Amino acid sequence: MTKLNNKIAIVTGGAGGIGSGIVRAYVKENAKVVIADIAAEKGQALSDELNDQGYETLFIKTDLSNKSSLKACVDRTIETYGQIDVLVNNAHASRMSPFLDITEDDLNLSLNTGFFATFYLCQMIIPHLKETKGNIINFGSGAAVKGDKNQGSYVVAKEAIRGITRVIANEFGEFGINANIISPIAYSEGVDQWRQDNPEYYNQVVKGIPLQKFGDVEKDIGPVAVFLGSDASQYITGQTIMVDGGSIKLY
Ligand SMILES: NC(=O)c1ccc[n+]([C@@H]2O[C@H](COP(=O)([O-])OP(=O)(O)OC[C@H]3O[C@@H](n4cnc5c(N)ncnc54)[C@H](O)[C@@H]3O)[C@@H](O)[C@H]2O)c1
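In case it helps, the UniProt record's numbering puts the sequence shown at residues 1 to 251.
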């Protein structure tokens, strides 16, 4: 018996980085996975690769900053599979900038791809999750918990995501819906780009991680996302799970 036997999952940002690690971990536990990402070539290539191996995935080109694109993704998932069991709101685009230089464009990028996409997908999908007693996994960040310098536009979206996740946990617990947050550290394409731009800062961050390395998107983040998407986590909701090598201890 696999941990996600025949569950239907949507993973936003599933074409690359942590999202692709979760997609790979999910199909190995027998989930059918919708990869919702704006990167069409990468997303389709990952879907084809996994389908050729006998897994079941569907790539749906989705622009998270566009509400009608979100609705089209949800509608096509329901048309194809008839149900949704797990929503993984993983993707989030943002720029770093000193607080006084943050522009409306910076705020819009972070809020639209991070907060509003998460918010609207939860609104659109919760009625389906009521049918399946499904699970929501949203994404936070240690940088937001700490309020790191130059992360103002990112923090505003990330902490709002943690806030609505607790609201959803409280409002929909009675329907058997669980909503939790993963706050990860993992070596993704996004991190690789940031490392190239800030090599010293990268080394400093690694030294500050008790387990002394960035996590692996599939081997370290994947299993936690599997757990939170599975029935094994049915008595956990509204929580932020730090999957960050011990960087932050919440209490
Ligand atoms: N990687 C880390 O160490 C780390 C640390 C803290 C938090 N996080 C959070 O984890 C999540 C995943 O991070 P990551 O490092 O894998 O990111 P990433 O930048 O490597 O990948 C993000 C994915 O989102 C997709 N995407 C970007 N804009 C989109 C849009 N408008 N519509 C649809 N898809 C879009 C990209 O194509 C890409 O596949 C994010 O929420 C991030 O904030 C990551």
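Every residue gets a Cβ at the ideal spot worked out from N, C-alpha and C, and that includes glycine. Quick caveat: nothing in here was measured; it's all calculated off a predicted structure.
Measuring alpha carbon to alpha carbon, tell me which residue in the options is nearest residue i.
{"i": "I185", "options": "A225, G245, L100", "result": "G245"}
{"i": "T240", "options": "G215, Y251, N180", "result": "N180"}
{"i": "N66", "options": "E174, L111, G14, G17", "result": "L111"}
{"i": "A144", "options": "L4, Y187, S230, I182", "result": "I182"}
{"i": "I168", "options": "G14, S188, L87", "result": "L87"}
{"i": "H128", "options": "E49, I177, M96, F139", "result": "I177"}
{"i": "P210", "options": "F175, S247, Y235, L228", "result": "S247"}
{"i": "E171", "options": "D85, M1, I126", "result": "I126"}
{"i": "V217", "options": "Y187, Y235, T113", "result": "Y187"}
{"i": "G82", "options": "L46, T132, K42, G13", "result": "T132"}
{"i": "I38", "options": "A157, D197, N138, T113", "result": "T113"}
{"i": "G173", "options": "D192, K130, V156", "result": "K130"}
{"i": "Q44", "options": "L107, G13, S68, S69", "result": "G13"}
Measuring only from the beta carbon, is residue i closer than 6 Å to any heavy atom that is part of ligand 1?
{"i": "D106", "result": "no"}
{"i": "D148", "result": "no"}
{"i": "H92", "result": "yes"}
{"i": "L70", "result": "no"}
{"i": "E159", "result": "no"}
{"i": "V206", "result": "no"}
{"i": "S65", "result": "yes"}
{"i": "V11", "result": "no"}
{"i": "T113", "result": "yes"}
{"i": "P127", "result": "no"}
{"i": "S110", "result": "no"}
{"i": "V226", "result": "no"}
{"i": "F99", "result": "no"}
{"i": "V191", "result": "yes"}
{"i": "A169", "result": "no"}
{"i": "F59", "result": "no"}
{"i": "I35", "result": "no"}
{"i": "A186", "result": "yes"}
If you count every other CB in all the chains shown that lies within 10 Å of the CB of residue i, and 16 or more means buried, which is it?
{"i": "Y154", "result": "buried"}
{"i": "residue 310", "result": "No information on residue 310 is available, as it lies outside the stretch 1 to 251 that the chain covers here."}
{"i": "K249", "result": "exposed"}
{"i": "Q212", "result": "exposed"}
{"i": "Q151", "result": "buried"}
{"i": "F214", "result": "buried"}
{"i": "K32", "result": "buried"}
{"i": "A117", "result": "buried"}
{"i": "S230", "result": "buried"}
{"i": "E29", "result": "buried"}
{"i": "D85", "result": "buried"}
{"i": "A40", "result": "exposed"}
{"i": "D57", "result": "Reading off the sequence shown, one finds Thr at residue 57, where the question assumed Asp. Counting Cβ neighbours within 10 Å, T57 comes out buried, since at least 16 surround it."}
{"i": "F175", "result": "exposed"}
{"i": "A54", "result": "Note on residue identity: the sequence assigns Gly, not Ala, to residue 54. With fewer than 16 other Cβ atoms within 10 Å, it is exposed."}
{"i": "G208", "result": "exposed"}
{"i": "F99", "result": "exposed"}
{"i": "T80", "result": "exposed"}
Any beta-carbon of chain D closer than 7 Å to the one on residue i?
{"i": "N203", "result": "Looking at the structure shown, chain D is missing, and only one protein chain is on hand."}
Would the region 56-66 and the region 191-203 be scored as touching if the rule is three or more Cβ pairs under 8 Å? no
Write down every uninterrupted run of the alpha helix (DSSP H) in the region 80-128 whose length is 4 residues or greater and which is fully enclosed by it, in chain order. 104-110
Jot down the residue ranges of each uninterrupted alpha helix (DSSP H) in the region 179-250, minimum 4 residues, whole runs only, in chain order. 189-197, 199-207, 222-229
List, from N- to C-terminal side, the alpha helix (DSSP H) runs of 4 residues or more that fit wholly inside the region 3-73. 17-28, 40-52
Touch test, the region 14-32 against the region 214-224, Cβ-Cβ under 8 Å, three pairs minimum: yes
Contact between the region 161-171 and the region 116-134 (3+ Cβ pairs under 8 Å): yes
At least 3 beta-carbon pairs within less than 8 Å: the region 68-81 vs the region 95-109: no
At which residue ranges does the region 134-182 contain complete beta strand (DSSP E) runs of 3 or more residues, listed in the order of the chain? 135-139
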